[in-house]
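Heads up, the thing below is written out as structure tokens.
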Amino acid sequence: MSSDGVFVHPDGRCLSDRVGDGTRVWGFAQVLDGAVVGRDCNICGGAFVEGGVVIGDRVTVKNSVLLFEGVSVGDDAFLGPGVVFTNDMRPRAHVKRSGDALLPTTVEQGATLGAGVVVVCGTVIGHDAFVGAGAVVTADVAPHAFVVGSPARQIGWVCRCGERLPADLTCPCGRSYEQAEVGLRELP
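Take the sequence shown: its letters are residues 13 to 200, numbered as in the numbering used here.
Put into structure tokens, the structure is as follows:
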């Protein structure tokens, strides 16, 4: 079914009225009331987007990704299959926290999170960063950083195109970078 330029698979569920044109919600995916999803996003099968989540434009949310209140995802980000975000550092079944009691998490524009990544709440994943499959993010990730492992640790840098950067920070695609106060900055 489709309404207002949003496609919702017959087995999908979209309760939010704040989903942008061209977005697709596939089978067994759920977008709850209060979630904000941008234009031209792909919410794949089994993904769960809770109220209070904000997703930018052209974001790919692969199968079985779990996004909970307080998570914000920038434009052009990629969330691989099975990525899980947390939002409570001290969860207890008998204590219900929401709003300001939860720690926000931000995935900045163009970042990629590989399959099975776990993101502990209260972190920022910088723009164009690349988090390798299976990593556990427990601290901020700098822009363009390439991190892997549990806990995630930086092992290099990546270009906006996704290629790992050599020592001179010049990508075969033609982009060049320099160290910034935090992460890398693309040169003109």
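We treat Cβ as the ideally placed atom computed from N, Cα and C, and that holds for glycine.
Close beta carbons around residue i, own chain, < 6 Å, minus the five adjacent residues each side
i	result
Val-166	Per the sequence shown, the amino acid found at residue 166 is Gln instead of Val. Once the five neighbours on either side are set aside, the close Cβ partners of Gln-166 are Ala-157, Val-159.
Gly-146	Gly-128
Pro-103	none
Leu-44	Leu-27, Glu-62, Gly-63
Gln-42	Arg-25, Phe-60
Gly-144	Gly-126, Val-160
Three-state secondary structure (DSSP) of residue i
i	result
Gly-168	strand
Ala-157	strand
Ser-14	Only weak support exists for where Ser-14 lies, its pLDDT of 48 falling under 50; the value from the coordinates is given anyway. Note: Ser-14 maps to strand in three-state DSSP.
Minimum C-alpha distance to residue i - residue among the options
i	options	result
Gly-186	Glu-198, Asn-75, Val-194	Glu-198
Ala-59	Val-49, Phe-40, Glu-193, Glu-190	Phe-40
Glu-62	Gly-50, Val-83, Asp-52, Val-73	Val-83
Val-194	Ser-76, Val-136, Val-95	Val-136
His-139	Val-119, His-106, Val-31	Val-119
Val-110	Pro-93, Gly-46, Ala-151	Reading off the sequence shown, one finds Ser at residue 110, where the question assumed Val. When each option's Cα is compared against that of Ser-110, the closest is Gly-46.
Ala-123	Val-149, Gly-94, Val-130, Pro-155	Pro-155
Leu-114	Pro-93, Lys-74, Val-65	Val-65
Ala-141	Val-148, Cys-133, Asp-180, Val-153	Val-153
Gln-121	Gly-68, Gly-57, Thr-98	Gly-68
7 Å Cβ shell around residue i - same chain, five flanking residues per side excluded
i	result
Met-13	In this prediction, Met-13 has a pLDDT of 44, which is less than 50 and means its spatial position is unreliable; what the coordinates show is noted afterwards. For Met-13, where only same-chain residues beyond five positions count, the Cβ hits under 7 Å are Val-20, Pro-22.
Pro-184	Glu-175
Asp-100	Arg-109, Leu-114, Cys-133
With 16 other Cβ atoms within 10 Å as the buried cut-off, status of residue i
i	result
Lys-9	The structure shown does not extend to residue 9, since the chain is modelled only from 13 through 200, so no value can be given for it.
Cys-171	buried
Arg-70	buried
Asp-33	exposed
Gly-92	buried
Gly-86	buried
Glu-81	buried
Cys-173	exposed
Asp-29	exposed
Beta-bridge partners of residue i, as assigned by DSSP
i	result
Leu-181	Answer is none; Leu-181 lacks a bridge partner.
Asn-75	Note: Asn-75 sits in no beta bridge, so no partner.
Val-143	Leu-125, Val-159
Glu-190	Arg-197
Ser-84	Val-66, Thr-118
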